[in-house]
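In mature numbering (1 follows the signal peptide of the UniProt record, and there is no 0), the protein residues as written are -26 to -1, 1 to 340.
Ideal Cβ placement from N, Cα and C applies to all residues, glycine included.
It should be emphasised that the depicted structure is a prediction, and the values quoted were computed from it without experimental measurement.
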């Protein structure tokens, strides 16, 4: 945020300096361009961060959805175990009552009553048989009761495990939702910053445009040429080569120099700046239909100008004086002016002006 304030303050200072002196000094020009590039870089970095955060939001959304599904699934299992546990407890209750009833009966008989039952046997064999019967009955009752108690305990244990799983999934869901909400807040803050940067970029852009227009009008627009880093079209299909000796013009029907290279492409295909530069021309032109020209700097003491013909004015995305970067979309392929089909007429001129010397564009492209 401190950096944003510094950039904003620098913008005010730069604007004040520029318009106080009323001319575009080399220092003012360089400062304005430097600030514009700085804001654009910061804006680009912020956009990349926002895009990265959008991916994280998708990840959190998926986590929340998965956790919610797991919670629902586990809750169904918990509900089923609750039903099983209640049934097991009901059965356990029946056997417990039966066992308790047996215990109460023996208690009511007392020790002597229990002994009377055994001693009333008419023979020693009957005594042993009665003793074994009582022992087996008690053992069986206890065994059945214990089994039911163990079954109920097992169901209770499984129910507890499921409830713990549900709590873990609930925690994951809550944590993911919290992280999601925090990230949403950060995204809102960054988008707010992005708006401020966009406003600063627009102000610097306007300032640089005014400087460049003044430099262009006074013949002082001059900076070092940087080699082109890309082609003006994604797919470069040559339909007519550069030829200063002359070719038969398909529209006019006579031989005349062809000062550029034609690249066939569908109407509306994006056109990109092959290198950094300043827009110096953007106007209707009879043969070209519409002409767009970009100054890319001086090389070997001479300007390097790229020209784009046959597009439509409403497709052009840049203005005179505007600085463009390599790879920036500047217009779209059209079929305007003296043209027999949609294509880009691309030229390289080595000076400013209508009759500047033309050179073969293919020698300048990758």
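Neighbourhood of residue 273 by C-beta distance below 7 Å, restricted to the same chain and skipping five residues each side: 199
Exposed unless 16 or more other CB atoms sit within 10 angstroms - verdict on residue 143: buried
Alpha-carbon to alpha-carbon, residue 264 and residue 287: 6 Å
Check whether residue 258 and residue 269 have beta carbons under 8 Å apart: no
Same chain, Cβ closer than 7 Å to residue 47, five either side skipped, listed in chain order: none
Cβ pair residue 300, residue 248 closer than 8 Å: yes
Euclidean distance between Cα positions of residue 334 and residue 323: 9 Å
Residue 254 at chain B interface by Cβ criterion, 8 Å: In summary, chain B is missing from the structure at hand, where a single protein chain is found.
Among 56, 44, 40 and 316, nearest to residue 212 - alpha-carbon criterion: 316
Distance cut-off 7 Å: residue 230 Cβ against heavy atoms of the ligand SAH: Of ligands this structure carries none, so the ligand SAH is not represented either.
C-beta contact flag for residue 181 and residue 295 at 8 Å: Cβ atoms of residue 181 and residue 295: not closer than 8 Å.
Range covered by the beta strand (DSSP E) that runs through residue 255: 251 to 259
Same chain only: Cβ atoms within 7 Å of residue 59, ignoring 5 sequence neighbours per side: Cβ neighbours of residue 59 beyond the five flanking positions: 126, 129, 130 and 133.
8 Å Cβ shell around residue 52 - same chain, five flanking residues per side excluded: 133, 136, 137 and 140
Among 72, 8 and 161, the one whose alpha carbon lies nearest that of residue 31: 161
Per-residue DSSP class, three states only, for residue 189: helix
With 16 other Cβ atoms within 10 Å as the buried cut-off, status of residue 158: exposed
Buried/exposed call for residue 54, threshold 16 Cβ in 10 Å: Around the beta carbon of residue 54, a 10 Å sphere encloses fewer than 16 other beta carbons of the protein chains shown; the residue is thus reported as exposed.
Neighbourhood of residue 147 by C-beta distance below 7 Å, restricted to the same chain and skipping five residues each side: Excluding sequence positions up to five before and after residue 147, its CB lies within less than 7 Å of the CB of 38, 41, 42 and 45, all in the same chain and listed in chain order.
CA-to-CA distance, residue 12 to residue 216, given in whole angstroms: 38 Å
Three-pair Cβ contact test at 8 Å for the region 233 to 240 versus the region 303 to 321: A contact between stretches requires three or more CB pairs, one per stretch, nearer than 8 Å, and the region 233 to 240 meets this requirement with the region 303 to 321.
Contact under 8 Å by Cβ, residue 10 with residue 155: no
Residues that DSSP places opposite residue 69 in a beta bridge: Residue 69 pairs with nothing; no bridge assigned.
Sheet register partners of residue 263 (DSSP bridge): Paired residue(s): 259.
Residue 320 - partner residues in DSSP beta bridges: 235 and 282
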